[in-house]
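Peer 1: One structure follows; several queries about it will come next.
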Amino acid sequence: MTTNDELFLRAQHAIPGGVNSPVRAFGSVGGTPRFLVSAKGPYVTDAEGREYVDLIAGWGPAILGHADPRVIEAVQDAASRGLSFGASTPAETELAELVEQRVGPVEQLRLVSTGTEATMTAIRLARGFTGRDLLVKFAGHYHGHSDGLLAEAGSGLATFALPGSAGVPAEIAALTLVIPYNDLDAVEVVFAEHGDRIAAVIVEAAAANMGVVPPLPGFNQALVRIARDHGALVISDEVLTGFRVSEAGWWGLEQASAGTDADTSYTPDLQTFGKVIGGGMPVAAVGGRLEIMQRLAPLGPVYQAGTLSGNPVAVAAGIATLNAADASVYAALDRNAGLVASAVTDALAAEGVAHVVQRAGNLFSFMFTEAPVVDYDGAKAQESWRYAPFFHAMLDAGVSLPPSVFEAWFVTAAHDDAAIARIVDALPAAAKAAAA
Ligand code: PLP
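Reminder that position 112 of the sequence shown reads as 111 in numbering that gives the first Met the number 0, one-by-one numbering, no gaps.
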């Protein structure tokens, strides 16, 4: 048997840092990443034959659990008919229609392969539609790794961003304005100062890449109103929340309040999707208002393309996943999120570890701080050093958590009583480790 240590050593010779995406390297928690060889339902198995209850779910897509038979069968069936045609298929229209039926503001949809491509395309489209250059993003929000979106906040409001990564030209970063999340005053200020040059605001529908930080009630609604007053578009990034937190994503949860006293419903101009829409295969998408979507090539002047866009095997996985994701799946996801979140909070409280549970639908994370966190500064101010010992105690006990305190935890509908019991059993020792 080859051990994880041996595999990591070998990988580090062949691959920068031994990984194909940085967070997998365990940089913020230390230790050796587990090299996975298979996954089924709520479990993943590493190269040493060890099974873990998984709370990463492929970073979101596996809402049904890993290797759901309906999805595997659809993929096998599609694969047997050819892997890639580079031509139109009936299935890609079917997937677009499924999304348009679920998500009201999406009148047309263009398929791409990754969430990064989806947000890149949405921004180009917004710039092409408005004829403006500037983009507003929120500190702590992640929209993929394209040049203009890695920008971090400087100090103060509406700082012209620094690149956030080597290799990003300052001139490109300077087109992105970064402001604090959940702060409508900051939104008003940035529009007052630069309103006629802002093409779009891009926002995670509910933030989940600095840990989970839900929008304050009415935030998305007010954001759309302010942007619209200034002729700018709102790109609501549902790559992570789309089809995970409800059948219609985060938009669907807020839409459910429409017409009530607590109405927080909103209509973004463009929405981006990824993860669940591909059921674990490379599918992502940008969708929205017809008059904007029709600016895309070949109809309009905004160019976008992809050899693998609408890949038939990937699209089959997406359709099978969305078709299987009925109300009972979302009820199971909500239930499982509730069970795990309350078990963790009970264990941490029993050890006197100050923490808050941050939730956005069935997405959640824990922050080692006293009061609910509403923005990136708050997320960074927590006692984040408590997470590494907690994480490793859980891993040692056979529970795989995201290897960073700044990531959301993902349940699946396949987390049954046995899987949840294994999480609950692992918690007392992990909470003790966090308290130390
Ligand atoms: N947008 C959000 C909200 C995300 O969470 C992510 C990835 O985690 C992306 C965009 C980028 O997606 P991808 O990793 O598929 O490029």
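Glycine is no exception: its CB is placed at the ideal position from the N, C-alpha and C atoms.
Using the Cα positions of Gly30 and Phe389, report the straight-line distance between them to the nearest angstrom.
Peer 2: Distance between the alpha carbons of Gly30 and Phe389 is about 13 Å.
Peer 1: Less than 7 Å separating the beta-carbons of Thr271 and Ala117?
Peer 2: In this structure, Ala117 lies closer than 7 Å to Thr271 by Cβ.
Peer 1: I need the boundaries of the beta strand (DSSP E) containing Thr271, first residue and last residue.
Peer 2: Per DSSP, Thr271 belongs to the beta strand (DSSP E) from Leu269 to Phe272.
Peer 1: Within its chain, find whatever has a CB closer than 7 Å to the CB of Gly155; leave out the 5 residues flanking it on each side and keep chain order.
Peer 2: Residue placement at Gly155 is poorly supported in this model, since its pLDDT is 31, which falls under 50; the coordinates still yield a value, given next. Once the five neighbours on either side are set aside, Gly155 has no close Cβ partner at all.
Peer 1: What does a CB cutoff of less than 7 Å around Thr1 pick up in its chain, not counting 5 residues either side in sequence?
Peer 2: Excluding residues within five positions, the ones whose Cβ falls inside 7 Å are Ala46.
Peer 1: In whole angstroms, give me the CA-to-CA distance for Trp408 and Glu382.
Peer 2: Answer to the nearest angstrom: the Cα atoms are 18 Å apart.
Peer 1: When the Cα atoms are used, what is the spatial distance from Val167 to Thr113?
Peer 2: If I take the Cα positions, the gap works out to 20 Å.
Peer 1: Which of the three DSSP states is assigned to Val22 in this structure?
Peer 2: Of the three classes helix, strand and coil, the one that applies to Val22 here is helix, per DSSP.
Peer 1: For Arg334 and Gly59, which I take to be in contact (beta-carbon distance under 8 Å), what is that distance rounded to the nearest angstrom?
Peer 2: With 8 Å as the limit, Arg334 and Gly59 do not qualify as a contact, their Cβ atoms being about 18 Å apart.
Peer 1: In three-state terms, what does DSSP make of Leu338?
Peer 2: Of the three classes helix, strand and coil, the one that applies to Leu338 here is helix, per DSSP.
Peer 1: Taking 7 Å as the CB-CB cut-off, is Arg224 touching chain C?
Peer 2: Considering every chain present, this structure includes no chain C. It has just one protein chain.
Peer 1: Residues in its own chain within less than 7 Å of Tyr265 by CB, not counting five upstream and five downstream?
Peer 2: Asn219, Gln220, Val223 and Glu253, listed in sequence order.
Peer 1: Given Gly278, which residues of its chain have a CB within under 7 Å of its CB, disregarding the five upstream and five downstream residues?
Peer 2: Taken in chain order, the residues that qualify are Pro60, Val70, Ala316, Gly317, Ala319 and Thr320.
Peer 1: Classify Ala86: buried if its beta carbon has 16 or more other beta carbons within 10 angstroms, exposed otherwise.
Peer 2: Ala86 comes out exposed.
Peer 1: Is there at least one non-hydrogen atom of the ligand PLP closer than 6 Å to the beta-carbon of Tyr141?
Peer 2: For the ligand PLP, at least one heavy atom lies less than 6 Å from the Cβ of Tyr141.
Peer 1: Return the residue from the list Thr240, Arg109, Pro213 and Leu332 that minimises the CA-CA distance to Val301.
Peer 2: Nearest option by C-alpha distance: Arg109.
Peer 1: For Asp45, list the residues DSSP reports as bridge partners.
Peer 2: Answer by DSSP bridge pairing, in chain order: Leu35.
Peer 1: I'd like to check one pair, Val410 with Leu332: are the Cβ atoms closer than 7 Å?
Peer 2: Yes; because the gap between Cβ atoms is below 7 Å, this pair is in contact.
Peer 1: How about the segment 291–305 and the segment 119–127: do they share at least three Cβ pairs that are nearer than 8 Å?
Peer 2: In short, these stretches touch, since the Cβ pair count reaches three.
Peer 1: When the Cα of Gln303 is compared with those of Pro216, Lys431 and Thr120, which residue comes out closest?
Peer 2: When only C-alpha atoms are compared, the closest one is Thr120.
Peer 1: Kindly indicate the opening and closing residues of the alpha helix (DSSP H) around Ser79.
Peer 2: Ser79 -> alpha helix (DSSP H) spans Pro68 to Ser79.
Peer 1: If you measure from the CB of Asp236, is any heavy atom of the ligand ADP nearer than 6 Å?
Peer 2: What this structure holds is the ligand PLP, not the ligand ADP.
Peer 1: Could you tell me the alpha carbon to alpha carbon distance between Val238 and Phe365, rounded to whole angstroms?
Peer 2: Each residue's alpha carbon lies about 21 Å from the other.
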